[in-house]
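Enquirer: Read top to bottom, the protein sequences are chains A and D. For reference, each letter of the first sequence is one residue, going 0 to 168 in numbering that gives the first Met the number 0. For reference, each letter of the second sequence is one residue, going 0 to 359 in numbering that gives the first Met the number 0. Pasting a structure below so you can have a look.
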Amino acid sequence: MANIETIEMQLKNTNETLKLGEIIGKSLNPGSIIALVGDLGAGKTVLVKGIAKGLGIEEEPNSPTYVIMNSYEGRISLYHFDLYRVSSEDELFGIGYDEYFFGNGVAAVEWADRVEDIFPEHTIKIEITIPESDGEDSETRRDIRIEGKSKWVLSFKNTAEQVFPTLRR
Amino acid sequence: MIVVNVSKSSKIDRMSLTLLAIESSCDETSAAIIEDGTKVRSNIVASQIDIHKEYGGVVPEIASRKHVELIMPVIDKAIKEAGVSKEDIDGVAVTNGPGLIGALMVGLSTAKAMAFALGVPLIGVNHLQAHMSAIHLEHEISFPFVGLVVSGGHTSLYLVSSYTEFEMLGKTRDDAAGEAFDKAAKVLGLPYPGGIEIDKLAKKGNREAIPFPRPFMNSSTLDFSFSGVKTSVVYYLRKHPDPNQEELQDICASYQEAIVETLVKKTIIAAKQNDVNSVVIAGGVACNSRLRELSKEELEKEGVSVYIPSPKYCTDNAAMIGSLGGFMFQKGDTSELGITPFSTSRPKYGRGRGGQAKNA
């Protein structure tokens with residue numbers, strides 16, 4: 000796994016989460032898969048709203064927990080999955096997840112850690128953590144860890160640095 | 000007492016419209032026989048909730064498999080209990096969305112097969128619109144009215160101008176109210192279905208103990224947002240871990256109040272904006288005791304009457320599908336056998352007027 004890179008960053012608030020999502024959305028290609036991990040309230044759906052904007056989607060995604068998957072059309076189609084209530088790959092076969100994962104759109108998958116085996120090597124993994132409370136703004140702050148193929152990560156970093164200067168080290 | 004005995008297949012009775020209705024969008028497999036969109040001849044609901052309890056939530060594929068096992072027995076029972084024969088059925092109404100695709104597919108395929116075999120029309124019915132039509136099973140209500148549909152998967156406001164015309168006025172931008180109840184319940188360690196547990200515990204708690212946020216409550220938008228209040232419970236528990244029973248009751252009461260107050264305030268705004276004097280509150284969360292109480296209190300102050308279907312017609316059921324299906328049939332709004340299920344209530348499908356038989 001030598002060609003995998005990781006970026007870690009801190010976001011101040013929901014607006015920054017949206018902004019980050021938008022930059023990610025702009026960097027994606029047909030066939031990209033995003034695996035999102037984070038507790039209840041971490042901001043996974045917020046990040047997907049940003050990704051949708053970056054993909055040129057006009058609609059604002061809402062939580063797909065109940066229906067498992069929503070699709071949106073834009074520059075590239077977005078398949079917004081939520082595995083909160085899913086516990087095995089078998090269950091996902093029932094809704095034909097493979098058609099969406101390996102099609103011409105982008106799949107963004109919340110609660111990806113609930114069914115780990117389904118993600119191919121080129122998956123971009125994003126983990127969102129709510130930091131331990133230690134100050135006034137700690138409730139809105141989020142720690143982000145992004146992992147993906149080096150080529151994508153480096154080009155994403157170049158763009159993201161212009162909006163988030165702290166990434167430049 | 001005069002008893003008029005009209006045989007079920009007599010000429011007079013044949014003037015009426017008898018529909019078989021099928022619902023399988025999420026937890027429940029249900030079938031009903033409905034006459035003229037208003038009379039319930041039978042309404043059978045086989046709940047999968049006991050299976051889901053073991054998993055702490057709805058498990059979609061298990062849901063689809065159980066639907067396959069339950070659907071024919073449930074339909075047979077509905078027909079038998081109504082005292083009709085298959086030949087009396089004038090059409091088959093079925094939910095084609097929104098919901099879990101795998102679950103919807105079971106009801107829809109069955110309905111298509113039955114409509115084809117019986118040589119009668121198929122009517123694809125929108126689950127959310129049908130929730131509001133449930134009111135016609137029990138009440139006469141004049142149009143237009145504002146409808147609030149609030150459930151595990153949906154929170155939407157509609158302007159309803161006739162039996163078959165629905166205009167979406169607003170909806171949740173993130174989580175549905177029922178989802179916010181279920182997710183908070185999970186964080187609080189309460190069993191599924193979480194909304195019912197929160198309702199129970201809230202009865203003994205102080206509604207003003209914790210000031211949970213009420214997003215958009217006083218703005219003019221008719222959209223909702225419940226993600227923030229859900230997250231605020233997560234933050235609260237980080238600061239105050241391991242609540243005792245009394246604290247838990249206060250958290251539940253305060254949390255429920257934040258959600259219910261937002262729902263009621265938005266409904267009042269919708270009623271005023273559209274100058275209506277009746278409101279229908281429907282969907283599974285309409286069973287919440289505090290929502291029933293506060294909506295009556297606050298809306299009646301504004302001179303608006305509140306109608307809420309009985310709990311058996313609030314939770315998912317086929318009777319409501321047969322109600323809307325009946326009115327759509329009378330309008331000639333039937334579906335092709337090729338219709339497909341759809342998962343979301345997004346604007347393309349849900350906003351705007353009209354029943355929604357032919358698109359999907």
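Cβ coordinates follow ideal geometry from the N, Cα and C atoms, glycine included. Owing to the predicted nature of the structure, the values given are computational and were not obtained by experimental measurement.
If you count every other CB in all the chains shown that lies within 10 Å of the CB of serine 15 of chain D, and 16 or more means buried, which is it?
Expert: By the 10 Å Cβ count, serine 15 of chain D comes out exposed.
Enquirer: Hey, how far is the Cα of glycine 169 of chain D from the Cα of lysine 265 of chain D?
Expert: Distance between the alpha carbons of glycine 169 of chain D and lysine 265 of chain D: 9 Å.
Enquirer: Could you work out which residue in D:Pro192, D:Asn125 and D:Asp173 is closest to glutamate 164 of chain D when comparing CA atoms only?
Expert: The shortest C-alpha separation from glutamate 164 of chain D is found at D:Asn125.
Enquirer: Buried or exposed: glycine 325 of chain D, going by 16 or more other Cβ atoms within 10 Å of its Cβ?
Expert: Under this definition glycine 325 of chain D is a buried residue.
Enquirer: Taking 9 Å as the threshold (beta carbon to beta carbon), is leucine 99 of chain D in contact with chain A?
Expert: Interface residue, yes.
Enquirer: Cβ of asparagine 42 of chain D within 9 Å of Cβ of alanine 270 of chain D?
Expert: No. Outside cutoff.
Enquirer: Take the Cβ of histidine 135 of chain D as the centre, count every other Cβ of all protein chains shown within 10 Å, and call the residue buried at 16 or more, exposed below.
Expert: It is buried - the Cβ of histidine 135 of chain D has at least 16 other Cβ atoms within 10 Å.
Enquirer: Rounded to a whole number of angstroms, what is the C-alpha to C-alpha distance between isoleucine 307 of chain D and histidine 121 of chain A?
Expert: Looking at the two C-alpha atoms, the distance is approximately 50 Å.
Enquirer: Hey, isoleucine 32 of chain D and valine 93 of chain D are a contact pair by Cβ (cut 8 Å); roughly how many whole angstroms apart?
Expert: Actually they do not touch by this definition, with Cβ atoms about 14 Å apart.
Enquirer: Please go through the same chain and pick out, in chain order, the residues whose beta-carbon is closer than 6 Å to the beta-carbon of glutamine 248 of chain D, but skip the five residues on each side of it.
Expert: Leu200, Lys203 and Gly204.
Enquirer: Terminal residues of the continuous alpha helix (DSSP H) containing glutamate 196 of chain D?
Expert: 193-201 is the span of the alpha helix (DSSP H), which, as asked, contains glutamate 196 of chain D.
Enquirer: If you follow the beta strand (DSSP E) that serine 161 of chain D is part of, which residue opens it and which one closes it?
Expert: Per DSSP, serine 161 of chain D belongs to the beta strand (DSSP E) from 154-161.
Enquirer: Classify threonine 154 of chain D: buried if its beta carbon has 16 or more other beta carbons within 10 angstroms, exposed otherwise.
Expert: Buried, since its Cβ has 16 or more Cβ neighbours within 10 Å.
Enquirer: For leucine 262 of chain D and valine 152 of chain A, I'd like the C-alpha separation in whole angstroms.
Expert: For leucine 262 of chain D and valine 152 of chain A, the distance between alpha carbons rounds to 43 Å.
Enquirer: For a contact defined as C-beta to C-beta under 7 Å, what are the partners of valine 66 of chain A on chain D?
Expert: Neighbours of valine 66 of chain A on chain D, chain order: Pro97, Gly98, Leu99, Gly152, Ser342 and Thr343.
Enquirer: Output the distance between the C-alpha atoms of leucine 293 of chain D and serine 62 of chain A, rounded to the nearest integer angstrom.
Expert: Cα to Cα, the separation comes out at about 27 Å.
Enquirer: Am I right that isoleucine 258 of chain D and valine 233 of chain D are in contact with their C-beta atoms under 8 Å? What's the rounded C-beta distance?
Expert: About 15 Å separates the two Cβ atoms, so there is no contact after all.
Enquirer: If you check the beta carbons only, do threonine 17 of chain D and isoleucine 88 of chain D fall under 9 Å apart?
Expert: It is a contact, given that the beta carbons lie within the stated cut-off.
Enquirer: Got a sec: which bits of the region 223-250 of chain D sit with their beta carbon under 7 Å from any beta carbon on chain A, in order along the chain?
Expert: So the close ones are Ser226, Lys229, Thr230, Val233, Tyr234, Arg237 and Lys238.
Enquirer: Once you ignore the five residues that flank valine 148 of chain D on each side, which residues in its own chain have a CB closer than 6 Å to its CB?
Expert: Closer than 6 Å at the Cβ level, and outside the excluded window around valine 148 of chain D, lie Leu127, His130, Ser155, Ala281 and Gly282.
Enquirer: In chain C, which residues lie less than 7 Å from threonine 171 of chain D when you measure between Cβ atoms?
Expert: The chain labelled as chain C is not found among the protein chains of the depicted structure, namely A and D.
Enquirer: Can you pull the chain D neighbours of threonine 44 of chain A, defined as C-beta to C-beta under 7 Å?
Expert: Under the 7 Å cutoff, chain D gives Asp173 and Ser226.
Enquirer: Note down, in chain order, each residue of its chain lying with its Cβ closer than 6 Å to the Cβ of glycine 55 of chain A, except the 5 sequence neighbours on either side.
Expert: Here the set comprises Gly73 and Arg74.
Enquirer: Using a beta-carbon distance below 9 Å, is lysine 398 of chain D in contact with chain A?
Expert: The requested residue 398 of chain D does not occur in the structure, where chain D is confined to residues 0 to 359.
Enquirer: Counting only runs that start and end within the region 195-250 of chain D, where is the alpha helix (DSSP H) found for 4 or more residues in a row?
Expert: DSSP runs (the alpha helix (DSSP H)) wholly in the region 195-250 of chain D: 226-238.
Enquirer: When you compare only the Cα positions, how much space is there between isoleucine 140 of chain D and aspartate 35 of chain D?
Expert: Each residue's Cα considered, the two are about 16 Å apart.
Enquirer: Need the endpoints of the beta strand (DSSP E) that alanine 31 of chain D sits in, please.
Expert: Run containing alanine 31 of chain D: 28-34, per the beta strand (DSSP E) assignment.
Enquirer: Return the chain-ordered list of same chain residues with a C-beta closer than 6 Å to the C-beta of serine 161 of chain D, the five sequence neighbours on each side being excluded.
Expert: Closer than 6 Å at the Cβ level, and outside the excluded window around serine 161 of chain D, lie Phe142.
Enquirer: Could you pull the start and end residues of the beta strand (DSSP E) that isoleucine 122 of chain D belongs to?
Expert: Segment 121-125, the beta strand (DSSP E) holding isoleucine 122 of chain D.
Enquirer: Against glutamate 178 of chain D, what residues of chain A qualify as contacts under a CB-to-CB distance less than 7 Å, listed in chain order?
Expert: Within chain A, the residues near glutamate 178 of chain D are Ser62, Thr64 and Tyr65.
Enquirer: Could you pull out every residue in the same chain whose Cβ sits closer than 6 Å to the Cβ of serine 342 of chain D, ignoring the five residues on either side in sequence?
Expert: So the qualifying residues of the chain are Pro97 and Ile100.
Enquirer: Is the region 14-24 of chain A touching the region 140-156 of chain A, taking contact as three or more C-beta pairs under 8 Å?
Expert: Flag = yes, the region 14-24 of chain A and the region 140-156 of chain A touch.
Enquirer: Please check if any C-beta of chain A sits within less than 9 Å of the C-beta of glycine 351 of chain D.
Expert: Annotation note: pLDDT 35 at glycine 351 of chain D (below 50); position unreliable, no value reported.
Enquirer: Any beta carbon from chain A within less than 9 Å of lysine 10 of chain D's own beta carbon?
Expert: Only weak support exists for where lysine 10 of chain D lies, its pLDDT of 40 falling under 50; the coordinates are left without a value.
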